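Novice:
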Amino acid sequence: MTDEELTRVYQQYCDMVYRIALVQTRNISQAEDIQQDVFMALVRYSDRIRDEEHLKAWLIRVTQNACKKHFRSMWIKLTVLYDDSLYKEQEEESGGAPPMEEMISPDPAEEETETGIVREVVEQLPENSRAVIHLFYYENLSVKEIARCLGITEQNVKTRLSRARDQMRKIIGERKDE
Amino acid sequence: MSNQDTAKRTVYQTEMDSVHLSEEKANQTLRLMLEENRKLKTQEHKEKPKISSRMWTYCAAVAAACLVLALALPWNGGKTTFGSVRMSGLPAVSVARGIGADAPDFETLFSVAPETLFAGWSIEACGTQSVTLQGKAAHEARLEITRDGTDLTAMVDDVKPPLLTALEEAKTGQGRDCRLNRDPDDGRQYAVYQRGGLYITLAADESLPESDFLRIVQEMMAN
Numbered sequence: 014m015t016d017e018e019l020t021r022v023y024q025q026y027c028d029m030v031y032r033i034a035l036v037q038t039r040n041i042s043q044a045e046d047i048q049q050d051v052f053m054a055l056v057r058y059s060d061r062i063r064d065e066e067h068l069k070a071w072l073i074r075v076t077q078n079a080c081k082k083h084f085r086s087m088w089i090k091l092t093v094l095y096d097d098s099l100y101k102e103q104e105e106e107s108g109g110a111p112p113m114e115e116m117i118s119p120d121p122a123e124e125e126t127e128t129g130i131v132r133e134v135v136e137q138l139p140e141n142s143r144a145v146i147h148l149f150y151y152e153n154l155s156v157k158e159i160a161r162c163l164g165i166t167e168q169n170v171k172t173r174l175s176r177a178r179d180q181m182r183k184i185i186g187e188r189k190d191e
Numbered sequence: 003m004s005n006q007d008t009a010k011r012t013v014y015q016t017e018m019d020s021v022h023l024s025e026e027k028a029n030q031t032l033r034l035m036l037e038e039n040r041k042l043k044t045q046e047h048k049e050k051p052k053i054s055s056r057m058w059t060y061c062a063a064v065a066a067a068c069l070v071l072a073l074a075l076p077w078n079g080g081k082t083t084f085g086s087v088r089m090s091g092l093p094a095v096s097v098a099r100g101i102g103a104d105a106p107d108f109e110t111l112f113s114v115a116p117e118t119l120f121a122g123w124s125i126e127a128c129g130t131q132s133v134t135l136q137g138k139a140a141h142e143a144r145l146e147i148t149r150d151g152t153d154l155t156a157m158v159d160d161v162k163p164p165l166l167t168a169l170e171e172a173k174t175g176q177g178r179d180c181r182l183n184r185d186p187d188d189g190r191q192y193a194v195y196q197r198g199g200l201y202i203t204l205a206a207d208e209s210l211p212e213s214d215f216l217r218i219v220q221e222m223m224a225n
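Which chain is which? The protein sequence lines are A and B, in order.
All letters in the first sequence, in the order written, are residues 14 to 191 by our numbering.
All letters in the second sequence, in the order written, are residues 3 to 225 by our numbering.
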């Protein structure tokens, strides 16, 4: 790839890769490192990329594998998985999420507490469900595309989605009760 | 998907839209990517001659293998015999054939004490399977020795005296170990002497009278 192509690809997909890594790792610095690893791998293996569609799928898959590798590393097992202060810092820098009352809560007073609730809920899901939910609901990938990217069957994707939805409903219900 | 799911999806998307990679990290990553890309491109460019060099080496190896095979093919001219010593006014031709693993190492053998083999002769070329000796006499006769895998070491010191005797016997037609012959193709004359596993062929151009040939050989051996 030429420098111009790499720059375009990076600008187009850096946030996508970063978000997937963030959802998986729940840690800003680790997600940043993972996205860097993924794009450095892209530079080395760019000749394997066939087209734009393949590029996106390749990036998702490599990110997913990098996250798995990250979880397998001994180092991560010995560190705190969730650095809340760093996470919140990023939210503040980005100006926070739009009011939740428009989507979920009818009470504007709940705005502050509801902001980011879905993301938090997603992050409470098991590791293998988080990626499926994110790719389906945020990246708008089809079940078939997710199956291809994650290297699992379509049925497996559907099962994970269904279980994740149930778990999310349960978590949100518990929160509302509180 | 239910309406509630749709709502959650929208909220989730909205929430995630606000998540961006920090500008600092993005710039750093992009810089590293471009650096790596340039490095790889430079590396590819540099590797091109290497590939070419490797190909030349490969070609040279194949050519060398072909040459060895060609030399190893039987030469039916009768001028050179497998496991032979050949002396000739013509350039010597090495005949490389498979030899036993326990065969003596020519290089070692002749480099240690060449003079003990044939006094006054110098080694012109020496390989693991053959050696070419150049006599110091005025003529350009050469003696080429190849082996057949038998234990040559023990025979080296014994070669010269019996050869001289055999040549004398051949001259008088009495020799049993040494035969004087003439190549039907080019008329080259040669004497074949056999002792144990060592075959010695002494050859000379057809223009050289047989008597002179024998004299030269004797002179060379006497030196």
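The beta-carbon is built from N, C-alpha and C at its ideal position, and this holds for glycine as well.
No experiment lies behind these values; they were computed from the predicted model shown.
(1) So, under 8 Å CB-CB, residue 19 of chain A and residue 75 of chain A are touching, yes? Tell me the CB distance rounded to an integer number of Å.
(2) If you check the beta carbons only, do residue 145 of chain A and residue 170 of chain A fall under 7 Å apart?
(3) Please decide whether residue 27 of chain B counts as near chain A, where near means a Cβ-Cβ distance under 7 Å.
(4) How would you write the range of the alpha helix (DSSP H) that residue 26 of chain A sits in, first residue to last?
(5) In chain B, which residues lie less than 9 Å from residue 26 of chain A when you measure between Cβ atoms?
(6) According to DSSP, is residue 2 of chain B part of a helix, a strand, or is it coil?
(7) For the 8 Å Cβ check, are there 3 or more pairs between the segment 171-178 of chain A and the segment 34-48 of chain B?
(8) So is residue 17 of chain B buried or exposed if we call it buried at 16+ other beta carbons inside 10 Å?
(9) Could you tell me whether the Cβ of residue 46 of chain B comes closer than 7 Å to any Cβ of chain A?
(10) From residue 158 of chain A to residue 141 of chain A, what distance separates their C-alpha atoms?
(11) How about residue 36 of chain A and residue 143 of chain A: do their beta carbons lie closer than 7 Å?
(12) Check whether the Cβ of residue 179 of chain A lies closer than 7 Å to any Cβ atom in chain B.
(13) According to DSSP, is residue 59 of chain B part of a helix, a strand, or is it coil?
(14) Per DSSP, what kind of secondary structure is residue 63 of chain A in: helix, strand or coil?
(15) What is the rounded straight-line gap between the Cα of residue 41 of chain B and the Cα of residue 65 of chain A?
(16) Less than 7 Å between the beta carbons of residue 23 of chain A and residue 32 of chain B, yes or no?
(17) Would you please state the rounded distance, in angstroms, between the beta carbons of residue 23 of chain B and residue 28 of chain A? I believe it to be under 8 Å.
(18) Decide if residue 71 of chain A is buried, meaning its Cβ has at least 16 other Cβ atoms within 10 Å, or exposed.
(19) How big is the Cα-Cα spacing for residue 59 of chain B and residue 69 of chain B?
(20) Are the CB atoms of residue 52 of chain A and residue 35 of chain B within a distance shorter than 7 Å?
(21) Shorter than 7 Å from the beta carbon of residue 37 of chain B to some beta carbon of chain A?
(22) Can you give me the C-alpha to C-alpha distance between residue 56 of chain B and residue 61 of chain A, rounded to a whole angstrom?
(23) Are the beta-carbon atoms belonging to residue 154 of chain A and residue 77 of chain A less than 7 Å from one another?
(24) Kindly give me the distance between the Cβ atoms of residue 132 of chain A and residue 14 of chain B, rounded to whole angstroms, as I take these residues to be in contact under 8 Å.
(25) Quick check on residue 21 of chain B - is its C-beta less than 7 Å from some C-beta in chain A?
(26) Tell me the rounded alpha-carbon separation between residue 67 of chain A and residue 182 of chain A.
(27) Shortest alpha-carbon distance to residue 137 of chain A belongs to which of A:80, A:185, A:46?
(28) Give me the Cα-Cα distance between residue 21 of chain B and residue 82 of chain A, rounded to the nearest whole angstrom.
(29) Could you check whether the Cβ of residue 13 of chain B sits closer than 7 Å to any Cβ belonging to chain A?
(30) Name the residues in the segment 160-190 of chain A whose C-beta lies less than 9 Å from a C-beta of chain B; which are they?
(31) In the DSSP assignment, the alpha helix (DSSP H) including residue 133 of chain A goes from what residue to what residue?
(32) Mind checking residue 178 of chain A: buried by the 16 CB within 10 Å criterion, or exposed?
(33) For residue 131 of chain A and chain B, any beta-carbon pair shorter than 7 Å?
(34) So, for residue 156 of chain A: in the same chain, excluding its five sequence neighbours on each side, which residues have a beta-carbon less than 8 Å away from its beta-carbon?
Specialist: Result, derived from the coordinates:
(1) Residue 19 of chain A sits at position 6 when you count from the first residue of the first sequence. Residue 75 of chain A sits at position 62 when you count from the first residue of the first sequence. Going by Cβ atoms, the distance from residue 19 of chain A to residue 75 of chain A rounds to 15 Å, so no, they are not a contact pair.
(2) To locate residue 145 of chain A, count along the first sequence from 1; it is residue 132. To locate residue 170 of chain A, count along the first sequence from 1; it is residue 157. Yes. Within cutoff.
(3) On the second sequence, residue 27 of chain B is found 25 positions in, with the first residue counted as 1. Residue 27 of chain B counts as touching chain A.
(4) Start at 1 with the first residue of the first sequence, and residue 26 of chain A comes out as number 13. From DSSP, the alpha helix (DSSP H) with residue 26 of chain A extends over 16-38.
(5) Counted from its first residue, the first sequence places residue 26 of chain A at position 13. In chain order: nothing, as chain B lies at least about 10 Å away.
(6) Lying before the first or after the last residue shown, residue 2 of chain B is absent from chain B, which here runs from 3 to 225.
(7) no
(8) Within the second sequence, numbered from 1, the residue matching residue 17 of chain B stands at position 15. Buried, because 16 or more other Cβ atoms sit within 10 Å of the Cβ of residue 17 of chain B.
(9) To locate residue 46 of chain B, count along the second sequence from 1; it is residue 44. Not one chain A Cβ lies under 7 Å of residue 46 of chain B.
(10) By one-based count along the first sequence, residue 158 of chain A stands at place 145. By one-based count along the first sequence, residue 141 of chain A stands at place 128. Distance between the alpha carbons of residue 158 of chain A and residue 141 of chain A is about 16 Å.
(11) What you label residue 36 of chain A is simply residue 23 of the first sequence in a count that begins at 1. What you label residue 143 of chain A is simply residue 130 of the first sequence in a count that begins at 1. Yes; because the gap between Cβ atoms is below 7 Å, this pair is in contact.
(12) Taking the first sequence and counting its residues from 1, one reaches residue 179 of chain A at position 166. No, residue 179 of chain A does not count as interfacial toward chain B.
(13) On the second sequence, position 57 is the one that residue 59 of chain B refers to. Correct three-state label for residue 59 of chain B: helix.
(14) As a first step, residue 63 of chain A must be located in the first sequence, where it is residue number 50. Note: residue 63 of chain A maps to coil in three-state DSSP.
(15) What you label residue 41 of chain B is simply residue 39 of the second sequence in a count that begins at 1. What you label residue 65 of chain A is simply residue 52 of the first sequence in a count that begins at 1. Those two C-alpha atoms are separated by around 24 Å.
(16) Residue mapping note: residue 23 of chain A aligns to position 10 of the first sequence, counting from 1. Residue mapping note: residue 32 of chain B aligns to position 30 of the second sequence, counting from 1. Their beta carbons are under 7 Å apart, which means residue 23 of chain A touches residue 32 of chain B by this criterion.
(17) As a position in the second sequence, residue 23 of chain B is number 21, starting the count at 1. As a position in the first sequence, residue 28 of chain A is number 15, starting the count at 1. Indeed they touch by this definition, with Cβ atoms about 6 Å apart.
(18) Within the first sequence, residue 71 of chain A is the residue found at index 58, counting from 1. So residue 71 of chain A counts as buried.
(19) The residue labelled residue 59 of chain B in the question sits at position 57 within the second sequence. The residue labelled residue 69 of chain B in the question sits at position 67 within the second sequence. So the two alpha carbons sit approximately 15 Å from each other.
(20) Residue mapping note: residue 35 of chain B aligns to position 33 of the second sequence, counting from 1. Residue mapping note: residue 52 of chain A aligns to position 39 of the first sequence, counting from 1. A contact, by the Cβ cut-off of 7 Å.
(21) Mapped onto the second sequence, residue 37 of chain B falls at position 35. Not one chain A Cβ lies under 7 Å of residue 37 of chain B.
(22) Position 54 of the second sequence, counting from 1, holds the residue named residue 56 of chain B. Position 48 of the first sequence, counting from 1, holds the residue named residue 61 of chain A. The alpha-carbon atoms of residue 56 of chain B and residue 61 of chain A are separated by roughly 25 Å.
(23) Reading the first sequence from its first residue, position 141 is the one you call residue 154 of chain A. Reading the first sequence from its first residue, position 64 is the one you call residue 77 of chain A. Not closer than 7 Å, so no.
(24) What you label residue 132 of chain A is simply residue 119 of the first sequence in a count that begins at 1. What you label residue 14 of chain B is simply residue 12 of the second sequence in a count that begins at 1. Their Cβ separation, rounded to whole angstroms, is 7 Å, which keeps residue 132 of chain A and residue 14 of chain B in contact under 8 Å.
(25) For the purposes of this step, residue 21 of chain B is identified with residue 19 of the second sequence, where counting begins at 1. It does: the Cβ of residue 21 of chain B has a partner Cβ on chain A nearer than 7 Å.
(26) As a working mapping, residue 67 of chain A is identified with position 54 in the first sequence. As a working mapping, residue 182 of chain A is identified with position 169 in the first sequence. The alpha-carbon atoms of residue 67 of chain A and residue 182 of chain A are separated by roughly 34 Å.
(27) Locating residue 137 of chain A in the first sequence gives position 124, where the first residue counts as 1. For the residues A:80, A:185, A:46, the minimum Cα distance to residue 137 of chain A belongs to A:185.
(28) One-based indexing of the second sequence puts residue 21 of chain B at position 19. One-based indexing of the first sequence puts residue 82 of chain A at position 69. Looking at the two C-alpha atoms, the distance is approximately 23 Å.
(29) One-based indexing of the second sequence puts residue 13 of chain B at position 11. Yes, residue 13 of chain B counts as interfacial toward chain A.
(30) 178, 181, 182, 185
(31) Position 120 of the first sequence, counting from 1, holds the residue named residue 133 of chain A. First-last of the alpha helix (DSSP H) with residue 133 of chain A: 130-137.
(32) Locating residue 178 of chain A in the first sequence gives position 165, counting from the first residue. Answer is buried; the Cβ neighbour count reaches 16.
(33) The sequence position of residue 131 of chain A within the first sequence is 118, counting from 1. Residue 131 of chain A counts as touching chain B.
(34) Position 143 of the first sequence, counting from 1, holds the residue named residue 156 of chain A. Counting only Cβ-Cβ distances below 8 Å, and skipping sequence neighbours, we find 149, 167, 170, 171, 174.
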